[in-house]
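For the record, the sequence lines run as chains A and B. Residue numbering for the first sequence is 4 to 157, as defined by our numbering. Residue numbering for the second sequence is 4 to 157, as defined by our numbering. Using N, Cα and C, we set each Cβ at its ideal position, and we do this for glycine too.
Number of protein chains: 2
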Amino acid sequence: MARKRFDDSSCSVARALNEVGDWWSLLIVLHAMYGTRRFVDFQQELGIAKNILCDRLGRLVDNGVLRKVDVGEHGSRFEYRLTEKGRDLFPVVIALRQWGDKWNPAPEQPALNLRDRATGRPVQMVQVRDADGQPLSIRDVFMPEDSLPEAKKG
Amino acid sequence: MARKRFDDSSCSVARALNEVGDWWSLLIVLHAMYGTRRFVDFQQELGIAKNILCDRLGRLVDNGVLRKVDVGEHGSRFEYRLTEKGRDLFPVVIALRQWGDKWNPAPEQPALNLRDRATGRPVQMVQVRDADGQPLSIRDVFMPEDSLPEAKKG
DNA sequence: TAATTTGGTTTCTTAAAGCAACCTTATTAA
DNA sequence: TTAATAAGGTTGCTTTAAGAAACCAAATTA
Numbered sequence: 004m005a006r007k008r009f010d011d012s013s014c015s016v017a018r019a020l021n022e023v024g025d026w027w028s029l030l031i032v033l034h035a036m037y038g039t040r041r042f043v044d045f046q047q048e049l050g051i052a053k054n055i056l057c058d059r060l061g062r063l064v065d066n067g068v069l070r071k072v073d074v075g076e077h078g079s080r081f082e083y084r085l086t087e088k089g090r091d092l093f094p095v096v097i098a099l100r101q102w103g104d105k106w107n108p109a110p111e112q113p114a115l116n117l118r119d120r121a122t123g124r125p126v127q128m129v130q131v132r133d134a135d136g137q138p139l140s141i142r143d144v145f146m147p148e149d150s151l152p153e154a155k156k157g
Numbered sequence: 004m005a006r007k008r009f010d011d012s013s014c015s016v017a018r019a020l021n022e023v024g025d026w027w028s029l030l031i032v033l034h035a036m037y038g039t040r041r042f043v044d045f046q047q048e049l050g051i052a053k054n055i056l057c058d059r060l061g062r063l064v065d066n067g068v069l070r071k072v073d074v075g076e077h078g079s080r081f082e083y084r085l086t087e088k089g090r091d092l093f094p095v096v097i098a099l100r101q102w103g104d105k106w107n108p109a110p111e112q113p114a115l116n117l118r119d120r121a122t123g124r125p126v127q128m129v130q131v132r133d134a135d136g137q138p139l140s141i142r143d144v145f146m147p148e149d150s151l152p153e154a155k156k157g
């Protein structure tokens, strides 16, 4: 693969993708949000090779997305739990799932049915909103000069 | 790499990641949202190898995220423009950028400063919201049985 | 005490990423 | 009018990561 790293990129999306932008990491986070915590459970649910899972869990822990908790008192039993940073990926994951449900629905699979625990009502589509809460499309926004990526500035 | 494909996965996040979940695709979409349309511009802005860029653009076109437009009348000049499906990734990209700005801010780089074109006011944080528009954390929601991923059902 | 589970590590193979060179068709410059 | 450059690729080679399978040690369970 010889992947390019983006650790030092001036773009925060690139840096974010460096942490969770590979094939597995975001799926691991997703399953962690579904409630998975144990190594073997991730392995079975995702169908991921153990060495890759090791690597990804370690990387996610290093990046502060998960933390490794020693359970079972004297070693050899661990749980991987989302940190606040990891839980903060909630809108990203849900937005991605809603996009997938909309544009590549599985014929036999129901779309995301995420509900407010308090009221039982389904959640809204994740959207970019203006200060008044109105949804904005990409055509409705602009970015001041200083927010554009490097190469576009000169 | 020998990557596992998720085309047939029952999880729409996995299928979404199959289309835009690699290292480059989402960055290409991001730059397309910033206004980039030409092959050479993507190449220079992203610092991506030409063959990889070719492959990714072609894949994004195949998947209906971009469309290739013939400009310059008689061939050899093209533009890659976002489709509606591509533009629909707006909340995903913005949520990811906001996450990156929050958790891995670049010391010298300003955070995302995206503004409503109509009012000039900054956009809100992208969040999952209940039916009344109130932000929900992952702890505030639940998923009915039929929305859980395969492996958790049995 | 033996078998199994958990959470790994090691080795090997395969395939993708990245680099550089090359190529064709237009356009621009001399 | 010819030469140089730009756009948009393609090809071939090298490096490196992904994936499969085997192996392993500590702890738990039978």
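Secondary structure at A:D73: strand, using DSSP grouped into helix, strand and coil. Residue pairing for B:F145: DSSP places it in a beta bridge opposite A:R118. Close partners of B:Q127 in chain A (Cβ separation under 8 Å): V131, R132, D133, A134 and G136. For A:E82, DSSP records a beta bridge to A:V72. Considering only B:L117, B:A17 and B:K7, the residue with the shortest C-alpha distance to A:I97 is B:A17. For B:R6, the chain A residues whose C-beta falls within less than 8 Å of its own C-beta are W26, listed in chain order.
V95, V96, I97, A98, L99, R100, Q101, W102, G103, D104, K105 and W106: these are the residues of the segment 95 to 106 of chain B whose beta carbon lies less than 9 Å from some beta carbon of chain A, given in chain order. By DSSP's assignment, B:R132 forms a beta bridge with B:P138. Taking all protein chains in view, the Cβ of A:V32 is crowded by 16 or more other Cβ atoms within 10 Å, so the residue is classified as buried. Shown here, A:P110 sits in coil according to DSSP, grouped into three states, outside any helix or strand. When C-beta atoms of the segment 125 to 142 of chain A are compared with those of the segment 119 to 139 of chain B, three or more pairs fall below 8 Å, so the two segments count as touching.
Looking at the backbone, the Cα of A:N66 and that of B:Q47 are separated by about 29 Å.
If you ignore the 5 residues before and after A:D104, its C-beta comes within less than 8 Å of the C-beta of A114 and L115, all in its own chain and listed in chain order.
Contact annotation: the segment 84 to 98 of chain B does not touch the segment 77 to 91 of chain A, with fewer than three C-beta pairs closer than 8 Å. Within the segment 36 to 53 of chain A, the residues whose Cβ lies closer than 7 Å to some Cβ of chain B are M36, Y37, Q47 and E48, listed in chain order.
Counting every other CB atom within 10 Å of its CB across the protein chains shown gives A:E111 a total below 16, marking it as exposed. Listed along chain A, the residues sitting closer than 8 Å to B:P147 by beta-carbon distance are N116 and R118. Nearest to B:D91 by alpha-carbon distance, out of B:R142, B:A19 and B:K7, is B:A19.
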